[in-house]
Amino acid sequence: MNDKIKIFVIGHKPFGIPKSDVLVPVIAGAKNKDLSKFADNKFLRDDIGENISDKNSFYSELTAQYYVMKNIDVDYYGFFHYRRYLNFSEKTNKRPYVYFTKDVEKLGNFIDIENAENIISKYDLLLPRPEHFHMSVKKHYETSKNHIYKNALQNILDITKEIYTEYLEDIDSYIEGYENYLGNMYIMKKEIAYEYFNFLFNVFEKFDSIYKDVPQRTQGFLSERLFGVFFNHMKRTTDIKYKFLQRVDVLKYYDKKLLRRLSYCILPPSSKFRAMVKSAIKK
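FYI, my numbering numbers position 30 of the sequence shown as 17, with every residue one higher than the one before it.
Here it is, written out as C-alpha cells:
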C-alpha cells in the first residue's frame, strides 16, 4: 500500500465502514481474536509484520496504529475508530461531536468522505474539536471513573518531562488547560506522524519498564493526554497548519442509544450545564 492519503478505521470486533478508497479497516488486537468473525478479507490485522498486537488490552487502538506506522507507507496517516469518525462536511453545528443515527452505508455522504482528500491536503494535521468538561485536563483524568489508576497521568508526565525537557512548558499548559483531544483520532502528514509516534512510544517504553502492573486500557487513556501535549508543543514551536473537525459518533455501535440521544439534546456537549449535572451525579 503506497497511496497518498489513507485513513485507517480501527476496531476490535466486526464492523462496517462507508465505501471509500480512503478508508481502510484494521483489526486491533488481532493476535488474540477469533478472526473467523471478520469475514471480510479487506480487514488489515495488527498482528503481522512489526507489531505489538499482544499488548492490545493495555494499548487499545494504539496497537493498530503502531502496526500501520511500522508497516505501511503513505503521505498522510489518518486514524479513526470504528464508531467515531471526523466530519469533512461544511454543514456542521458548533458542537464538538454529533450522533449519526442511520446505517453505516450512508455515513460517507454525511461526513462528505469524497471531499476528504481535498481538505486533508491543505493541512499538516487535522484533529477533533476540543471537548470542555469545565475542569482541567488533569482533574478530568483523575476524577473519571474510567481511569482506575489515578496516579498514571502524573507518572507518565514525569517521564515525559525527564526525556523531553523541551516539552516542559507544553505539558503544564495542556494539563492545566481545559481543552481535551480525545479518541486517539487524527490525520497527519507523514513527517509529523513519525515525530508523534516516536515521541509517544519513547515515553511508553520507559513507562512500561517501571510500571509493570497497570489496569487494562491505561496506556490507551494516557496516550490521549500525550497527544494533547504534543499538539501544544507543535503549535508553540512550529508554524504547523491544523484544522479542527467535528467528531461523528455512529450510534449503531453504542449501547443506551435513546439515553445518549436525549442526553445530547438536553445536556449539550461541552456545556457548563452538562458538566454540573455530571458532577452532581458523581457525588
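Glycine is no exception: its CB is placed at the ideal position from the N, C-alpha and C atoms.
Query: Quick check: the Cα distance between Ile162 and Ser123, rounded to an integer number of angstroms?; Result: 7 Å
Query: What residues are listed by DSSP as bridge partners for Asn167?; Result: Glu118
Query: Would you call the region 80 to 100 and the region 229 to 242 touching, i.e. three or more CB-CB distances under 8 Å?; Result: yes
Query: Does the region 207 to 223 touch the region 110 to 129, meaning 3 or more C-beta pairs lie closer than 8 Å?; Result: yes
Query: Under the criterion of a Cβ to heavy atom distance below 6 Å, does Arg247 qualify as lining the ligand SAH?; Result: This structure simply doesn't include the ligand SAH, nor any ligand for that matter.
Query: My parser needs the beta strand (DSSP E) runs of 3 or more residues fully inside the region -2 to 24; what are they?; Result: 10 to 14
Query: When we look at the beta-carbon of Ser196 and count the other beta-carbons within 10 Å, is it buried (16 or more) or exposed?; Result: exposed
Query: Is the Cβ-Cβ distance between Leu249 and Tyr86 less than 7 Å?; Result: no
Query: Among the residues of its own chain, which have a CB less than 8 Å from the CB of Ile227, if the five just before and after it don't count?; Result: Asp111, Leu112, Ile179 and Met221
Query: Let's see if you can read the secondary structure: which residues bound the alpha helix (DSSP H) around Lys126?; Result: Val124 to Thr130
Query: Let me confirm a value: Tyr181 is counted as buried when at least 16 other C-beta atoms fall within 10 Å, else exposed. Which label applies?; Result: exposed
Query: Is it right to say Met56 is buried, meaning 16 or more other beta carbons lie within 10 angstroms of its own, or is it exposed?; Result: buried
Query: Can you name the start and end residues of the alpha helix (DSSP H) that Met175 belongs to?; Result: It is not in any alpha helix (DSSP H) - Met175 instead sits in the beta strand (DSSP E) that spans Tyr173 to Lys176.
Query: Output the boundary residues of the beta strand (DSSP E) element that contains Asp62.; Result: Unbroken run through Asp62: none, as it is neither H nor E.
Query: Looking only at DSSP bridge pairs, what is Arg234 linked to?; Result: Leu73 and Tyr84
Query: By Cβ distance below 6 Å, which residues in the same chain neighbour Tyr183 in space, the five residues on each side in sequence not counted?; Result: Phe217
Query: Would you mind sorting Ala51 into buried or exposed? The rule is 16 or more other CB atoms within 10 Å of its CB.; Result: buried
Query: Whole angstroms is fine: what's the gap from Asn80's alpha carbon to Asn189's?; Result: 38 Å
Query: So for Lys(-7), helix, strand or coil by DSSP?; Result: strand
Query: If we ignore side chains and look at the alpha-carbon of each, how far apart do Ile268 and Tyr173 end up?; Result: 32 Å
Query: Out of Val9, Pro1 and Asp8, which has the shortest C-alpha to C-alpha gap to Ala15?; Result: Pro1
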